[in-house]
Ligand code: SF4
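Numbering (this note's numbering), first residue to last: 1 to 258.
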């Protein structure tokens, strides 16, 4: 068993740098922007973490599933100088690294020389928030990686994914947008039917699916107790209570087992 964070589909987060520039619709209510804003720091500045944080995976003895760059984008151009050192850390630690990006067009130029068909312990994913961003999966198709995934969160529109795009994926995360009820960091609508359509399409090809949260809009509409995120799986409709992983990982009683 590995420890878990508030993000149910990972065991921990690792941020060798912080900050990012918004690049697509999904960034509108970015939680990193909200949290950095509240902390009085300019979220658009990309800042290298202090040494202890930068090297944290080297000190973690228990093998962990790590969401890498949860407060930035791993392929952010402003981090090009620091990335080679992180690849070395990734290569020399036993952890599984989940790298999710909105900049897949930059991946090929940022891979290490010995990447080959992909490091065994790297899961490479793209964010797809609406139909217009489905092309990120087409770009992912052309990148060698051992495990490929897509995060359909925040899901802000109906997505009709093609069989060819589904076949690129080893895993899919789905979630409605969560946000504050008041103030500048809100949330957008996610219809239950948008989640259902994706689940149905992906299930047809036996892609492991992780339904993370229904989002604030559905939580309000259906009067869920988790009003902030709609993230309690027990409150999901039974046919959406799906939390699966690729690579033999299991999710039992809110815990991930490697
Ligand atoms: S790419 Fe990710 S981290 Fe960067 S602004 Fe968009 S949502 Fe935030």
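Yeah, the Cβ is synthetic: ideal placement off N, Cα and C, and Gly gets one too.
Please read these numbers as outputs of a predicted model, since none were measured by experiment.
**Request:** Answer yes if the region 32 to 46 comes into contact with the region 90 to 103, meaning at least three C-beta pairs across the two stretches below 8 Å, and no otherwise.
**Result:** Result no; under three Cβ-Cβ pairs closer than 8 Å.
**Request:** Reducing DSSP to helix, strand and coil, say where residue 240 ends up.
**Result:** The answer is helix: DSSP assigns residue 240 an H, G or I state.
**Message:** Which residue wins for smallest C-alpha separation from residue 107, given the options 26, 162, 55 and 145?
**Reply:** Each of 26, 162, 55 and 145 was checked against the Cα of residue 107, and the nearest Cα belongs to 145.
**Asked** So is the beta-carbon of residue 22 under 7 Å away from any non-hydrogen atom of ligand 3?
**Response** With respect to ligand 3, the structure shown offers nothing to examine, as its ligands consist of ligand 1.
**Message:** I'd like to know whether the C-beta atoms of residue 73 and residue 101 end up nearer to each other than 8 Å.
**Reply:** Against a cut-off of 8 Å, the Cβ pair of residue 101 and residue 73 comes out as a contact.
**Message:** Looking at the secondary structure, which residues open and close the alpha helix (DSSP H) in which residue 220 lies?
**Reply:** Per DSSP, residue 220 belongs to the alpha helix (DSSP H) from 216 to 221.
**C-beta contact flag for residue 215 and residue 186 at 8 Å** = No, these two residues do not count as a Cβ contact at 8 Å.
**Item:** Alpha carbon of residue 225 to alpha carbon of residue 241, nearest angstrom
**Value:** Going from the Cα of residue 225 to the Cα of residue 241 covers about 16 Å.
**Request:** Grab the span of the beta strand (DSSP E) containing residue 96 for me, first residue to last.
**Result:** Start and end: 96 to 101.
**Request:** State the beta-bridge partners of residue 127 as determined by DSSP.
**Result:** Assignment of beta-bridge partners to residue 127 by DSSP yields 151.
**Asked** Is the region 58 to 75 touching the region 9 to 16, taking contact as three or more C-beta pairs under 8 Å?
**Response** Short answer: they touch.
**Request:** Please report how far the alpha carbon of residue 20 lies from the alpha carbon of residue 34, in whole angstroms.
**Result:** Residue 20 and residue 34 have their C-alpha atoms roughly 12 Å apart.
**Request:** Look at the alpha carbon of residue 114 and the alpha carbon of residue 87, and state the distance between them as a whole number of angstroms.
**Result:** Distance between the alpha carbons of residue 114 and residue 87: 10 Å.
**Request:** Classify residue 132 as buried or exposed, calling it buried when 16 or more other Cβ atoms lie within 10 Å of its own Cβ.
**Result:** Exposure of residue 132 is indicated by the presence of fewer than 16 other C-beta atoms within 10 angstroms of its C-beta.
**Prompt:** On the premise that residue 161 lies in contact with residue 129, defined as a C-beta separation below 8 Å, what is that separation, rounded to the nearest angstrom?
**Reply:** Cβ atoms of residue 129 and residue 161 stay farther apart than 8 Å, at about 13 Å.
**Request:** Could you tell me if the beta carbon of residue 102 falls within a distance shorter than 7 Å of some heavy atom in ligand 1?
**Result:** Residue 102: yes, Cβ under 7 Å from ligand 1.
**Request:** May I ask you to list the residues that DSSP assigns as paired with residue 249?
**Result:** In DSSP, residue 249 forms no bridge with anything.
**Request:** Could you tell me whether the Cβ atoms of residue 112 and residue 77 are closer together than 8 Å?
**Result:** Between residue 112 and residue 77, the CB-CB gap reaches or exceeds 8 Å.
**Request:** Within its chain, find whatever has a CB closer than 8 Å to the CB of residue 232; leave out the 5 residues flanking it on each side and keep chain order.
**Result:** 224, 225 and 226, listed in sequence order.
**Near ligand 1: residue 35 beta-carbon under 7 Å from a heavy atom** = When distances are taken from the beta-carbon of residue 35 to the heavy atoms of ligand 1, even the shortest one reaches 7 Å or more.
**Message:** Could you tell me the alpha carbon to alpha carbon distance between residue 209 and residue 258, rounded to whole angstroms?
**Reply:** Rounded to whole angstroms, residue 209 to residue 258 spans 17 Å at the Cα level.
**Request:** Taking residue 125 and residue 166 to be in contact with their CB atoms under 8 Å, please state how far apart those CB atoms are, rounded to whole angstroms.
**Result:** Residue 125 to residue 166, Cβ: 14 Å. No contact.
**Message:** Please report the straight-line C-alpha distance between residue 256 and residue 229, rounded to a whole angstrom.
**Reply:** Pairing residue 256 with residue 229, the inter-Cα distance amounts to about 20 Å.
**Request:** Going by DSSP, name the residue or residues bridged to residue 63.
**Result:** Residue 63 pairs with nothing; no bridge assigned.
**Request:** Assuming residue 123 contacts residue 149 (C-beta within less than 8 Å), just tell me the rounded distance between them.
**Result:** The C-beta separation of residue 123 from residue 149 comes to about 6 Å, placing the pair in contact by the 8 Å criterion.
**Message:** I believe residue 71 touches residue 18 by the beta-carbon criterion, under 8 Å. Please report the beta-carbon distance rounded to the nearest angstrom.
**Reply:** The C-beta distance from residue 71 to residue 18 rounds to 5 Å, short enough to fall under 8 Å.
**Message:** Below 7 Å, is the gap between the Cβ of residue 32 and the nearest heavy atom of ligand 1?
**Reply:** For ligand 1, at least one heavy atom lies less than 7 Å from the Cβ of residue 32.
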